[in-house]
Amino acid sequence: MSTNDTPLPANFIRQIIANDLNTNKHNGRVATRFPPEPNGYLHIGHAKSICLNFGMALENNGTCNLRFDDTNPEKESDEYVQSIMRDVQWLGFSWSELRHASDYFEQLYDYAIQLVERGLAYVDSLSAEEIRAYRGTLTEAGKESPDRNRPIAENLNLFRRMRAGEFDEGQYVLRAKIDMASPNINMRDPAIYRIRRVHHQRTGDAWCIYPMYDYTHCISDALENITHSLCTLEFEDHRPLYDWVLDQLQTPSHPQQIEFARLQLEYTIVSKRKLNLLVTEKHVNGWDDPRMPTLAGLRRAGVTPKAIRDFCERIGLTKQNSWIEMGVLEYCIREDLNENALRVMAVLEPLRVVITNYPDGQVENLEVSNHPQRPELGKRTVPFSKVILIEQDDFSENPPPKYKRLVVSEEVRLRGSYVIRCDSVIKNEAGEVIEIHCSYDPGTLGKNPEGRKVKGVIHWVSEAHALPAEVRLYNRLFTVPQPDNEANFLDALNPHSLETLTACRVEASLAQATTVQRYQFERTGYFCLDAVDGINGGLVFNRTVTLRDGWVKD
RNA sequence: UGGGUCGUCGCCAAGCGGUAAGGCACGGGGUUUUGAUCUCCGCAUACCAAGGUUCGAAUCCUUGCGACCCAGCCA
């Protein structure tokens, strides 16, 4: 992450931070944190937050911690912890310090004792259902729990016994004593500790009471001396509680919570619960399925970290909820891949072409550029011979208007090779074209024929030299822009989100393909070797994104 | 008359009282041995609406309208 050549676009958080720096609000310090709960894999929406938090720190010579918000052991696991660390690093960021909310359990408990001692928290014996009933509604004030005025000594005793494991789950809860009539429901004596007899992926069985998010997050931020606590809009209503907790306690600092709109990307979902469902119900093949908007999925699809970072910068940062079109992400992916992917030829749905006037058994090793705009990326050798394979789509007996490919009696350029003319068509009993016969113009290698214009260029591979490969074409996972708005988002799954082509033939140079290299299959799209299935056995390629297609068909 | 937040081009988004940046998408021209890339041009008399303040308003005020979030012992 070094790019500081172009001026960074303005956004309200950059402005706040710049202003704080000018007024020396935090002695020139900028400290952020990325606080995921390890209850699922990171997705493109998290990328926005990661780029924001790490980005602000980097831009201002500050720090950014990775902090796991691990206060609900029921949903959390080490698998998620590991995947999150891997994904953050893959995106290109390094955390200043690795922390866990669970690191603070003891301090959090001590602070809670303080609240109890000062009459600012009480142990409630109401059941979850009763608490809900007592909470009131959006338009009516709540009413106070009978336990709200329990003597401090009794609260202290009960809370200590909660920790000691003397009670059952749900029997008691520790609540902040704020205001049951507050128009902000979050302030109506929120629960701050509950009893959970659950093994914690990190603290094991050391605790049977766990602090709630609202209570934990602000204190964790304060303990880490975070200056700007950036979170999404839905926490806006929680800010008064964030501030209340810190106002009551003598914490090392009082960070400023600032909310921004989360990413909403068309034709996908970023709800961890729903992504989890797709995985567990096997609508996709795991968290890293290339159709998933997870970082693991995007990575496996061949999307680069740079493209994602660029995307996160381009979409802007505001408090408006907005929907980003998929085209923006695709543009960012293509921009990076266009510059860096090596060009190769691959025929996805082959059609046999015999070049009748080409000598039997002759093979020419043609030198072809790896990148038309970047000669420094070198050349490779592509064998040419009498029988080649072209794309079925690149030949037509009944071409649509403005068709620029191969048709009977017309010519087409074979990329990096000769100009050929289609002389005849061979069909099977069903009337399907199974082979075509062409003749080549020996004078057209590396130069245009004289006196005529060849309208199209198509890609090809030599039948005898090509390698068999499987190619997986990924399309958008959903058929509607906002699957979340459907009665059942599963109904909007695109049945054609994955098309597997098994009869593909790719040029011989791909025998050396690696999973780190990105390729452009000329004229068809950007691909990468599948990191799971493409390394042992045969070649398996994933389509990262198609090439932009400017051909307006009538 | 519950609270909070937000309304600038099809989608994002600058703008912070001095007369509507930019990107994506889209349309058109040029280059091209990828219908790619690259490149040039076009694309809001207009800022949710209506009033008001002002020499001057997307920016300030008032009143409406619309959208989103909140009633987990989730985060």
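First residue of the first sequence? That's 30 in the working numbering, and the numbers climb one at a time after it. We treat Cβ as the ideally placed atom computed from N, Cα and C, and that holds for glycine. Every value quoted in this text rests on a predicted model; they were computed, and no experiment measured them.
Item: Nonlocal neighbours in the same chain, by C-beta distance under 6 Å from R572, ignoring five residues either side; Value: L502, Y503, G554, F556
Item: Whole runs of the beta strand (DSSP E) within the segment 441-507, excluding any shorter than 3 residues; Value: 448-456, 462-470, 489-491, 496-503
Item: R505 to L358 span [Cα, whole Å]; Value: 12 Å
Item: Beta-bridge pairing of G566 - partner residues as DSSP gives them; Value: Answer is none; G566 lacks a bridge partner.
Item: Whole alpha helix (DSSP H) elements within the segment 223-301, 4-residue minimum; Value: 242-252, 268-277
Item: Straight-line gap, S31 to L187 (C-alpha atoms, nearest Å); Value: Bear in mind that the predicted position of S31 carries a pLDDT of just 38, short of 50, making it unreliable; the figure below should be weighed with that in mind. Each residue's Cα considered, the two are about 54 Å apart.
Item: Contact belief for K206 with Y296 at Cβ below 8 Å, rounded distance in angstroms; Value: Contact doesn't hold; Cβ gap of about 47 Å is too wide.
Item: Every unbroken beta strand (DSSP E) inside the segment 368-409 [3 residues or more]; Value: 371-373, 379-384, 393-398
Item: Contact belief for S109 with P64 at Cβ below 8 Å, rounded distance in angstroms; Value: According to the sequence shown, residue 109 is Tyr rather than Ser. Contact doesn't hold; Cβ gap of about 14 Å is too wide.
Item: For S538 and V373, believed in contact at Cβ under 8 Å, the rounded distance; Value: 6 Å
Item: Outcome for D34 when other beta-carbon atoms lying within 10 angstroms are tallied against a minimum of 16; Value: Only weak support is given to the placement of D34: the predicted model assigns it a pLDDT of 49, under 50, and the value that follows is read from those uncertain coordinates. It is exposed - the Cβ of D34 has fewer than 16 other Cβ atoms within 10 Å.
Item: Local conformation of A60 per DSSP, three classes; Value: strand
Item: Three-state class that DSSP yields for N94 in the structure shown; Value: strand
Item: A86 versus H228: straight-line alpha-carbon distance, rounded; Value: 34 Å
Item: Residues of its chain near A495, where Cβ-Cβ distance is below 8 Å and the 5 sequence neighbours each way are ignored; Value: V376, L418, R534, V535, E536, A537
Item: Exposure label - G74; buried when at least 16 CB within 10 Å; Value: buried
Item: First through last residue of the alpha helix (DSSP H) which encompasses E426; Value: From DSSP, E426 is part of no alpha helix (DSSP H); its letter is neither H nor E.
Item: The segment 444-453 in contact with the segment 381-399 per 3-pair CB rule at 8 Å; Value: yes
Item: E492 versus V416 - alpha carbon distance; Value: 6 Å
Item: Assigned exposure category for S438 - 16 Cβ within 10 Å defines buried; Value: exposed
Item: Beta carbon of K348 nearer than 9 Å to that of E288; Value: yes
Item: Candidates T309, R189, C93, of which the one nearest N254 by Cα; Value: C93
Item: DSSP beta-bridge partners of A330; Value: Bridge partners of A330: none, in fact.
Item: Continuous beta strand (DSSP E) stretch holding R189: start and end; Value: Looking at the DSSP string, R189 is not in any beta strand (DSSP E); the run it does join, the alpha helix (DSSP H), is 181-193.
Item: Limits of the unbroken alpha helix (DSSP H) element including R552; Value: No alpha helix (DSSP H) holds R552; DSSP gives it neither H nor E.
Item: Where R534 sits in the DSSP three-state scheme; Value: strand
Item: Backbone CA spacing between E378 and E461 [nearest angstrom]; Value: 14 Å
Item: Three-state secondary structure assigned by DSSP to F83; Value: helix
Item: Y151 - containing beta strand (DSSP E), residue span; Value: 150-153
Item: Collapsed DSSP secondary structure at M30 in the structure displayed; Value: In this prediction, M30 has a pLDDT of 41, which is less than 50 and means its spatial position is unreliable; nothing more can be read from the coordinates.
Item: Beta strand (DSSP E) segment containing A205, residue limits; Value: 202-205
Item: Cutoff 6 Å; reference S258; Cβ partners in own chain excluding five residues on either side; Value: D250, P284, Q286
Item: Assumed close pair D317, T309 - CB separation to whole angstroms, cut-off 8 Å; Value: D317 to T309, Cβ: 15 Å. No contact.
Item: 7 Å CB neighbourhood of I16 in its chain, flanking five on each side removed; Value: Summary: the structure shown does not reach residue 16, with the chain confined to residues 30 through 583, and so no result is reported for it.
Item: Same chain, Cβ closer than 7 Å to D470, five either side skipped, listed in chain order; Value: Y447, V448, P478
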